[in-house]
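The structure appears right after this line, and notes come after that.
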Amino acid sequence: MLKPKTLIPILAVVLVVAFVAYVLVAPNTMWKPVYIRFDNSPAAAEAQAAASATPTEPPKTAEAARKNEVIPYKPGEGIMYSLGTKIVNLAEPGGRRYLQVGIVLECLPSDAGFYDLKGEARKKAEEEEKAKLDVLRPVIEDAAISLLTSRTYAEIFTVEGKNQLKQAMLSEINGVLGYEKVAAIYFTEFLVQ
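The structure is reproduced here in structure tokens:
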């Protein structure tokens, strides 16, 4: 018969191995303390490389692209367009987790002279730009919600995960708009339960 001094370490090792096997082998429809997803496809590698790449030139808006004019991006000085707070279910087995996130888009102006405007002139220019975005708001919100609901807790709970989510959302929204109107995305609140 085994002595307690040898039995306890053996049982501890067996329990750890059983736990790891459960996490790795059990289907994702069952509850697990940690969900692991492996994505080694070439498309995932390309998407991650594209998300981490930094643009070499400032993005163009539709109007600037027509004029072949590059609108400079001045962080924090663009047009702030709030999408409000979104509450969505995450792509977790059983839908047990949800995300509450406040989203603000920083958009590029149609004219580079926007940054020189002051007071009422700037406010009027901002309102005109926001009116253009209001027409497209359902499309923008659909893109944002679709992207948010496709993510899991494991993908977004780290700072790096949030930054990747912002980059993916930036690409997705600019993709549905057909041009690079959105320069940055800010999360004003971020709660996962």
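The opening residue of the sequence shown carries number 11 in my numbering; numbering runs sequentially from there.
Glycine is no exception: its CB is placed at the ideal position from the N, C-alpha and C atoms.
Host alpha helix (DSSP H) of residue i (start-end)
i, result
"Lys-172", "169-187"
"Ala-28", "14-35"
Residue span of the beta strand (DSSP E) that contains residue i, given as start and end
i, result
"Thr-198", "192-202"
"Ser-92", "89-99"
Among the options, nearest to residue i - alpha-carbon criterion
i, options, result
"Thr-198", "Leu-21, Leu-17, Ile-89, Val-111", "Val-111"
"Leu-201", "Leu-109, Pro-19, Gly-105", "Leu-109"
"Ser-196", "Gly-188, Val-186, Ala-154, Gly-185", "It should be noted that the sequence gives Tyr, not Ser, for residue 196. Cα-wise, what sits closest to Tyr-196 is Ala-154."
"Pro-212", "Glu-165, Arg-132, Gly-104, Leu-180", "Missing from the structure shown is residue 212; the chain here goes from 11 to 203 and no further."
"Leu-143", "Leu-17, Glu-130, Ser-92", "Ser-92"
"Glu-165", "Gly-129, Arg-107, Glu-151, Lys-191", "Arg-107"
"Ser-181", "Ile-150, Val-169, Gln-203", "Ile-150"
"Gln-203", "Asp-152, Arg-147, Phe-167", "Phe-167"
Cut-off 6 angstroms between Cβ atoms - residues of its own chain near residue i, not counting five sequence neighbours on either side
i, result
"Ala-193", "Tyr-83, Gly-88, Glu-116, Leu-118"
"Lys-176", "Ile-195"
"Leu-171", "Residue identity check: residue 171 is Gly in the sequence provided, not Leu. Counting only Cβ-Cβ distances below 6 angstroms, and skipping sequence neighbours, we find Glu-165."
Cβ-heavy atom distance, residue i to the ligand ATP, below 7 angstroms
i, result
"Ile-195", "Within the structure as shown, the ligand ATP is missing, as the structure has no ligands at all."
Same chain, Cβ closer than 7 angstroms to residue i, five either side skipped, listed in chain order
i, result
"Ile-20", "none"
"Met-179", "Ala-154, Leu-157, Ile-195"
"Glu-136", "Ile-89"
Sequence-distant residues of its chain with Cβ nearer than 8 angstroms to residue i (five each side left out)
i, result
"Gly-94", "Gly-112, Ile-113"
Three CB pairs or more closer than 8 angstroms across the stretch 93-102 and the stretch 146-164: Taking 8 angstroms as the limit for Cβ pairs, the verdict is that the stretch 146-164 does touch the stretch 93-102.
Ranges of the alpha helix (DSSP H) found wholly within the stretch 105-167, counting only runs of at least 4: As for any alpha helix (DSSP H) of minimum length 4 sitting wholly inside the stretch 105-167, the runs are 129-159, 163-166, ordered along the chain.
Meets three-Cβ-pair contact criterion under 8 angstroms: the stretch 124-140 and the stretch 177-185: Under the three-pair Cβ rule at 8 angstroms, the stretch 124-140 does not count as touching the stretch 177-185.
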